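Chains as they are written, first to last, in UniProt numbering: chain U, 1 to 259; chain Z, 1 to 259. Take a look at the structure below.
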DNA sequence: CGCCTTTTTGACTTAACTCAAGAATGGTGG
DNA sequence: CCACCATTCTTGAGTTAAGTCAAAAAGGCG
C-alpha cells in the first residue's frame, strides 16, 4: 500500500527548543515571542482560558510562553514527553498518526482557538505528531498549570471538557465526511470544511496544502488527490488565485459532495 | 454511492420507554431490571463510578436504572433529547452516524465498562444512534446526577475526562486502523480488535455481526465484506464454529493487516 | 415446512492505485 | 538576476481492487 506518505520525522522537535528562531531549509521551527498577557489576549474568548476570572490567573505559577512557527514546523512528535498543552493562536496544524508500516494518516486539523496536546493532562507522552501546515503561533501552557487550574476552578474544567467533546465530534465528522464515499466527494467535503480567508477583493479564499497531505487526510493516493484537484480547476468548480489558494464555488462543491 | 447501508431508523427509541419488555419482531427493545446498588456493582471498578466514595453516593438524588436490551435494540437515535448517560454493563453497542444522503457509517463500538452518550452532559441531544449488536445491559444515569456529582466531587470528573480521552483515542485508531489500506487489511484489523470470548473448549472466539454492519464499519460494501470473510474462511485464517462465531488465527490476521 | 432475510457468488464495470515520465515551482548559489 | 537543482505537481497508460447489479444459496423464524 502506498496510500499514505512515508514518515519523514525529520528535524528536531520544537518542544524543549524554544530559545529563538531556528532556520533550517526554509523552515522556521520556533521563535520565542515572550510571555503573553492572557488577560489581554485578543482571542481569549475562543481559547482555553475563556472563562477564567481575575482571581484564577493568580494560580498560574509557571510561565506561559508564546511561540511562533513556520509552515512545516513540528510542534511535537508522537511519543514525545508531554509537558504542555498548546493553545493555537493562528495558522493551521495537522495531527498525524503513523501506522505500523510507516505510512501516515492525518486524523484532524487544529484551528485557531483550539487546544493541542490535551492528552498531556492525562499521560506523559503525546499521541500524535503535530505539524504546522500554515504558519502561526501557540501559547504553550505547562501541564502543571492546567492541572492546578483544573483542580482549583470549575471554569477551566468546563472548558477542558468542552474541548474534549469538540475534538471527538471533529474526529467523528472527519471519519464520516472525509473517509467515506468516492474521492471526488471527499475532496469536495474537505474544501467545504476548510476555513475561508478574506482577500483584498473580498473573495473568500481557501488555502490548500500539498497533495501528499491531501491524500493523507482523505485516505487516497497523492496522484488521485492531484487528479481531482486538477479536474476541479479545469471544470471551474475551484479557481486558483495564487499557488494553492482557491476561490471555491460552494454550491458546486456541495453537489459534488453528494449532499 | 451504496457503500453504506440505508438508514432504517425504525421503531421507537428505548429512551422514554423503559416500562417493560417490548417485543417487536424478534427484538426486545428494553426490559427494566430495577434500581441497581452501585456500591455493590460487579463492574464498578470499570465503570464511570469507579472512584466514587461512600459520601459521594449520597449526592445521587435521582434513580439510576438498570435496563436490558436485545440485539438490534436502539438505545437512542441521533437528535433525541439527551437526558441520561449510560454505562454499558454487558453486550456490544455500535454508534452510528448518518450522512446527508441517508447512508450510514459506524464510528465506534462501545464495550462493557465504557460510557454511552457522554454528550448528554454538554448538550441536549445525542450525536449518534446507539444500537445493540450483542444483547446486554446498561445503567441509565440521569444527566442531572452526573452534573451534580461532577460539580461536587473531583473523583467523578477525572473519570469523565478519562472517558472523553478514551473515546477520542478510539476514534483516531478507528480511522487509521479500519479506514486505511485495502479491504482485506481492514477486516483483519477489525477481527484483531474485537473482544474474544472464552468457550467451553477453551478456544477464544470472536463474535461477528452482519455483513452490512461490517461494511459500515470499514467503509466498504456489504458484498466486499462478505467476499473477504468468505475468502478468510476458505483459507483457514478464521474458522466458523457457530453462526458468526469465529476462532481466529491471530498471527495470520496480523500479517494480513499489514503490520 | 415454507417464507423472508441475509449471505454468498458470479459477471461486469469503474474508480482508484501503480509506475513512470514530463512540467511546473520554488529555493539556491553563482 | 538568472541558471540550476530539487521538489512537488500533473498527466498518461496499464493494472487491480472494489463497486454494481443480479441471482442463487443458506439460515432463521413463524
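The C-beta atom is built at its ideal place from N, Cα and C for all residues, glycine as well. Note that the coordinates shown come from a computational prediction; the quantities given were computed from them, not determined experimentally.
Are residue i and residue j close, meaning C-beta to C-beta below 7 Å?
i	j	result
residue 130 of chain Z	residue 93 of chain Z	yes
residue 137 of chain Z	residue 68 of chain Z	yes
residue 48 of chain Z	residue 159 of chain Z	yes
residue 178 of chain U	residue 253 of chain U	no
residue 257 of chain Z	residue 183 of chain Z	no
residue 31 of chain Z	residue 105 of chain Z	no
residue 267 of chain Z	residue 201 of chain U	Residue 267 of chain Z lies beyond the stretch modelled for chain Z, which goes from 1 to 259, so this question has no answer here.
residue 188 of chain Z	residue 211 of chain Z	no
residue 175 of chain Z	residue 175 of chain U	yes
residue 230 of chain Z	residue 239 of chain Z	no
residue 199 of chain U	residue 56 of chain U	no
residue 95 of chain Z	residue 168 of chain U	no
residue 142 of chain Z	residue 75 of chain Z	no
residue 132 of chain U	residue 91 of chain U	yes
residue 126 of chain Z	residue 50 of chain Z	no
Could you tell me the distance, in whole angstroms, from the CA atom of residue i to the CA atom of residue j?
i	j	result
residue 72 of chain Z	residue 52 of chain U	45 Å
residue 9 of chain Z	residue 227 of chain Z	Reliability fails at residue 9 of chain Z, whose pLDDT of 37 lies under 50, so the model's placement of it is uncertain and the value that follows must be treated cautiously. Between residue 9 of chain Z and residue 227 of chain Z, the C-alpha separation is close to 27 Å.
residue 135 of chain Z	residue 112 of chain Z	11 Å
residue 97 of chain Z	residue 128 of chain Z	5 Å
residue 233 of chain Z	residue 222 of chain Z	17 Å
residue 65 of chain Z	residue 243 of chain Z	33 Å
residue 40 of chain Z	residue 205 of chain Z	30 Å
residue 196 of chain U	residue 170 of chain U	18 Å
residue 181 of chain U	residue 140 of chain Z	35 Å
residue 148 of chain Z	residue 59 of chain Z	7 Å
residue 249 of chain U	residue 203 of chain U	11 Å
residue 7 of chain Z	residue 157 of chain Z	The predicted position of residue 7 of chain Z is uncertain, since its pLDDT is 37 and thus under 50; no value can be drawn from it.
residue 209 of chain U	residue 220 of chain U	15 Å
residue 43 of chain Z	residue 103 of chain U	38 Å
residue 101 of chain U	residue 194 of chain Z	21 Å
residue 45 of chain Z	residue 54 of chain Z	14 Å
residue 37 of chain Z	residue 145 of chain Z	15 Å
residue 255 of chain U	residue 150 of chain U	45 Å
residue 218 of chain Z	residue 155 of chain Z	36 Å
residue 237 of chain U	residue 207 of chain U	15 Å
residue 259 of chain Z	residue 83 of chain Z	42 Å
residue 251 of chain U	residue 241 of chain U	19 Å
residue 310 of chain Z	residue 81 of chain U	Look at the range of chain Z in this structure, 1 to 259, and you will see that residue 310 of chain Z is not part of it.
residue 190 of chain U	residue 245 of chain U	14 Å
residue 114 of chain Z	residue 70 of chain Z	18 Å
Which residues in chain Z sit within 9 Å of residue i, going by Cβ to Cβ distance?
i	result
residue 332 of chain U	Within the shown structure, residues of chain U are numbered from 1 to 259, placing residue 332 of chain U beyond reach of any answer.
residue 101 of chain U	181, 258, 259
residue 119 of chain U	165, 168, 169
residue 240 of chain U	Those do not exist, as residue 240 of chain U stays about 27 Å from chain Z at its closest Cβ, beyond 9 Å.
For residue i, return the contacting residues in chain Z, with the cut-off set at a CB-CB distance below 7 Å.
i	result
residue 157 of chain U	157
residue 105 of chain U	175, 176, 180
residue 97 of chain U	172, 176
residue 212 of chain U	Going along chain Z, no residue has its Cβ under 7 Å from residue 212 of chain U, so there is no contact; the nearest lies around 15 Å.
So residue i contacts chain Z; which residues on that side make the cut at Cβ distance below 8 Å?
i	result
residue 164 of chain U	161, 164, 165, 168
residue 122 of chain U	161, 162, 165
residue 152 of chain U	Correct list: empty, because the minimum Cβ distance to chain Z is about 11 Å.
residue 127 of chain U	169, 172
Can you list the residues of chain U that residue i reaches, using a CB-CB cut of under 7 Å?
i	result
residue 221 of chain Z	Under the 7 Å cutoff, chain U gives no residues; its nearest Cβ is about 12 Å from residue 221 of chain Z.
Residue i versus chain U: which residues are under 9 Å apart at the beta carbon?
i	result
residue 144 of chain Z	In chain order: nothing, as chain U lies at least about 16 Å away.
residue 215 of chain Z	Here the premise fails: no neighbours, minimum Cβ distance about 11 Å.
At 8 Å on the CB atoms, spell out the chain U contacts of residue i, in chain order.
i	result
residue 53 of chain Z	In chain order: nothing, as chain U lies at least about 17 Å away.
Inside the region 19-102 of chain Z only - alpha helix (DSSP H) runs reaching at least 4 residues: 54-57
Output the residue ranges of the alpha helix (DSSP H) runs that lie fully inside the region 153-188 of chain Z and measure 4 residues or longer, sorted by chain position. The region 153-188 of chain Z contains these whole alpha helix (DSSP H) runs: 154-178.
Are the region 162-169 of chain U and the region 102-122 of chain U touching by the rule of at least three beta carbon pairs closer than 8 Å? yes
Contiguous beta strand (DSSP E) assignments of at least 3 residues, all confined to the UniProt domain "HTH crp-type" (181-252) of chain U: 204-207, 238-242, 245-248
Can you list the beta strand (DSSP E) stretches of 3 or more residues lying completely in the region 111-138 of chain U, in chain order? Complete beta strand (DSSP E) runs here, min 3: 129-134.
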